[in-house]
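Below: the structure, in C-alpha cells.
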C-alpha cells in the first residue's frame with residue numbers, strides 16, 4: 001500500500017490547497033472592500049467534489065487488459081476561482097459584503113484546522129504502523 | 134502556490150488604509166486653512182484630498198500562468214493616486230479675516246467634517262477587518278508547521 005499516494009491523503013492535500021487558496025481569495029476580497037468596480041471572487045472546491053462523488057464514474061470499454069483505461073473517476077480534483085459578476089452591493093459597483101467575507105474567513109479557518117487535524121491523525125497511525133506500538 | 138501571498142495581500146490593504154487615514158487627518162487638520170496653495174500671487178484655500186483605490190493585478194509569467202488555470206487569488210489593493218476634490222469652496226462672510234475679498238467674503242476649504250468622520254470610521258473598520266484576515270492567515274500557516282509533529 002502506498003501511504004503517501006493513498007486516496008484520502010490526496011484528497012486532504014487538495015482540500016488543504018483549496019483552503020489556502022480560499023484564504024488568499026478572501027484576503028483579497030477584504031483588501032478591496034473600498035475599491036470601486038471591484039468584483040469579489042470565490043473558490044470552487046466542495047461543489048466540484050460533491051459533483052465528482054455523485055456522478056457515476058464511467059470508464060471506457062477495454063476488451064484487452066493491456067489497453068489504456070479511460071475513466072473520469074481518478075482525475076485529480078482542482079480548485080477553481082470564479083469571479084462573482086452578478087451582484088452589486090455598493091453604489092460604486094463593488095460587491096464585497098464584509099460580513100459575508102468575515103464569516104467565510106472564520107468558516108474556512110475552522111475547516112482548514114479540521115483537515116490539518118485529520119492529516120496529523122493519519123500520520124500518527126502511519127507512525128504506529130512503523131514503530132509497532 | 135505561494136503561501137505568503139496572503140500576507141502580501143493583507144499588508145497592501147493595511148498600507149492603503151493607513152494612507153487613506155493620513156489623508157483624512159490632513160483634511161480635518163486643514164478644515165479652516167484659507168492659505169493652502171499660492172497661485173499667481175494669490176492664496177487659494179486648502180482643497181480636500183481624496184484617495185483613489187485600485188486592485189493590484191499581479192504581473193509576471195507565474196501569475197499569468199496561475200490566472201490561466203483560474204488559480205490567481207489577486208494581488209491586493211493600492212492607492213493609485215491622491216486627487217483633489219473638485220467641489221467649490223465655501224463662501225463665508227467674515228470681513229475681519231485678512232484673506233477676505235473686497236465684499237467681505239472669504240473662501241473656506243471644501244472640507245465637510247461629517248464626510249471626513251464617516252470616511253474615518255470606514256477606514257478604521259476596513260483596517261481592523263484586514264488585521265483579522267492577516268491573523269487568520271498567520272494562524273493557518275503556523276498550524277501547517279505542526280503537521281506530523
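Chains as they are written, first to last, in this note's numbering: chain A, 1 to 133; chain B, 134 to 282.
Beta carbons are placed, not taken as given, at the ideal position from N, Cα and C, and that holds for glycine.
Predicted, not measured: the structure shown is a model, and the values here were computed from it.
DSSP-derived helix/strand/coil call for residue i
i	result
residue 278 (chain B)	coil
residue 203 (chain B)	coil
residue 20 (chain A)	helix
residue 42 (chain A)	strand
residue 33 (chain A)	coil
residue 89 (chain A)	coil
residue 224 (chain B)	strand
residue 25 (chain A)	helix
residue 123 (chain A)	helix
residue 240 (chain B)	strand
residue 94 (chain A)	coil
residue 64 (chain A)	coil
residue 264 (chain B)	helix
Contacts that residue i makes with chain A (C-beta to C-beta distance below 9 angstroms)
i	result
residue 273 (chain B)	19, 20, 23, 108, 109, 112, 113, 116
Beta-carbon neighbours of residue i, restricted to chain A and to distances below 7 angstroms
i	result
residue 139 (chain B)	23, 24, 27
residue 187 (chain B)	35
Chain-ordered chain B contacts of residue i [CB-CB under 9 angstroms]
i	result
residue 80 (chain A)	202, 203, 204
residue 120 (chain A)	279, 280, 281, 282
residue 30 (chain A)	142, 143, 146, 259, 262, 263, 265, 266
Identified DSSP bridge partners for residue i
i	result
residue 217 (chain B)	B:182
residue 187 (chain B)	B:211
residue 83 (chain A)	A:41
Neighbour list for residue i in chain A, Cβ cutoff strictly below 8 angstroms
i	result
residue 255 (chain B)	34
Interface partners of residue i on chain B, CB under 7 angstroms
i	result
residue 152 (chain A)	The question about residue 152 (chain A) has no answer, for chain A in this structure spans 1 to 133.
Under 8 angstroms by beta carbon: chain B residues contacting residue i
i	result
residue 102 (chain A)	262, 265
*Please specify which runs of the alpha helix (DSSP H), each continuous and at least 4 residues long, are wholly inside the segment 137-179 of chain B, giving them in chain order.*
Runs found: 138-162.
_Assess contact between the segment 181-197 of chain B and the segment 221-231 of chain B, defined as three or more Cβ pairs (one per stretch) separated by less than 8 angstroms. Is contact present?_
With the cut-off at 8 angstroms, the segment 181-197 of chain B and the segment 221-231 of chain B do not touch.
*If we count Cβ pairs, one from each stretch, closer than 8 angstroms, do we get three or more for the segment 166-176 of chain B versus the segment 136-146 of chain B?*
Segments in contact, no.
_Under 8 angstroms: do the segment 207-223 of chain B and the segment 181-194 of chain B share three or more Cβ pairs, one atom per stretch?_
Flag = yes, the segment 207-223 of chain B and the segment 181-194 of chain B touch.
*Tell me, please, whether the segment 28-35 of chain A touches the segment 106-117 of chain A by the rule of three or more beta-carbon pairs shorter than 8 angstroms.*
Fewer than three pairs of CB atoms, one per stretch, sit closer than 8 angstroms, so the segment 28-35 of chain A makes no contact with the segment 106-117 of chain A.
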